[in-house]
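Residue numbers for the sequence shown follow my numbering, so the first one is 2 and each next one is one higher.
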Amino acid sequence: MGWVDVVDHDAQPPRVNGDFVRDEEEQAHYLREMLAVFDEEGVDTAFWFTFAGYEYPHHEDPRFDLDMASFGVCKLMPDGSLAPKRSFHAMAEAYASGTARRSRSTLLPALARRGHDARPRPARRDRKGRCSGGRGNAPCP
């Protein structure tokens, strides 16, 4: 859904405008669809731009489930913890199956698969012998 007049920020507490139904599979489908397009078009790099909508917490009551307006791959739970959405798992499956490597796409927050560690990976050679990763112009090992 994302952003467009979905949340009434003037209400106290803020609430969802309308009778929306949570559908996490829609976002996961979109992510898979875009990976396929990126693969087909030879895109070098793409970034998923939201890890979690921290200003849009999840709520069991759909009227207050602001996360329905979030593009995050994780939802902010009422206790402040994060819970992965289906799109998070779709991203993880793409990396596990090699889809993202074949397309040379890098989706953020792939960092989440590495335990939320934002440190860069060392440079290494891929299956075709190309150098990837690393910082700056660091040589491949």
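For each residue, glycine too, the CB sits at the ideal point set by N, CA and C.
Asked: Among residues of its own chain, excluding the 5 on either side of Asp58, which ones have a beta-carbon nearer than 7 Å to its beta-carbon?; Found: It is worth fixing the name first, because residue 58 is Pro in this sequence and not Asp. Excluding residues within five positions, the ones whose Cβ falls inside 7 Å are Leu67, Asp68, Leu77 and Pro79.
Asked: Count Cβ pairs between the stretch 23 to 34 and the stretch 86 to 94 that sit closer than 8 Å; are there 3 or more?; Found: yes
Asked: Count the other C-beta atoms from every protein chain shown that fall within 10 angstroms of the C-beta of Val22, then say buried if there are 16 or more, exposed otherwise.; Found: exposed
Asked: If Phe65 and Arg16 are in contact, beta carbons under 8 Å, what's the gap, nearest whole angstrom?; Found: 6 Å
Asked: Compare the Cα-Cα distances from Asp62 to each of Pro85, Gly19 and Thr51 and report the closest residue.; Found: Gly19
Asked: Using alpha carbons as the reference points, say which of Tyr55, Val74, Ala97 and Val8 lies closest to Gly81.; Found: Tyr55
Asked: How many Å lie between Asp9 and Phe48 at the Cα?; Found: 28 Å
Asked: Within 10 Å of its beta-carbon, does Val38 have 16 or more other beta-carbons around it, so buried, or fewer, so exposed?; Found: exposed
Asked: Given Gly116, which residues of its chain have a CB within under 8 Å of its CB, disregarding the five upstream and five downstream residues?; Found: In this prediction, Gly116 scores a pLDDT of 43, lower than 50, which makes its location untrustworthy; no coordinate-derived value is stated.
Asked: Leaving out five residues before and five after Pro14 in sequence, what residues of the same chain have Cβ atoms less than 7 Å from its Cβ?; Found: Phe65
Asked: What's the C-alpha gap between Ala53 and His60?; Found: 14 Å
Asked: Locate the alpha helix (DSSP H) running through Ala29, then write down its first and last residues.; Found: Glu25 to Glu42
Asked: What's the C-alpha gap between Asp24 and Val74?; Found: 13 Å
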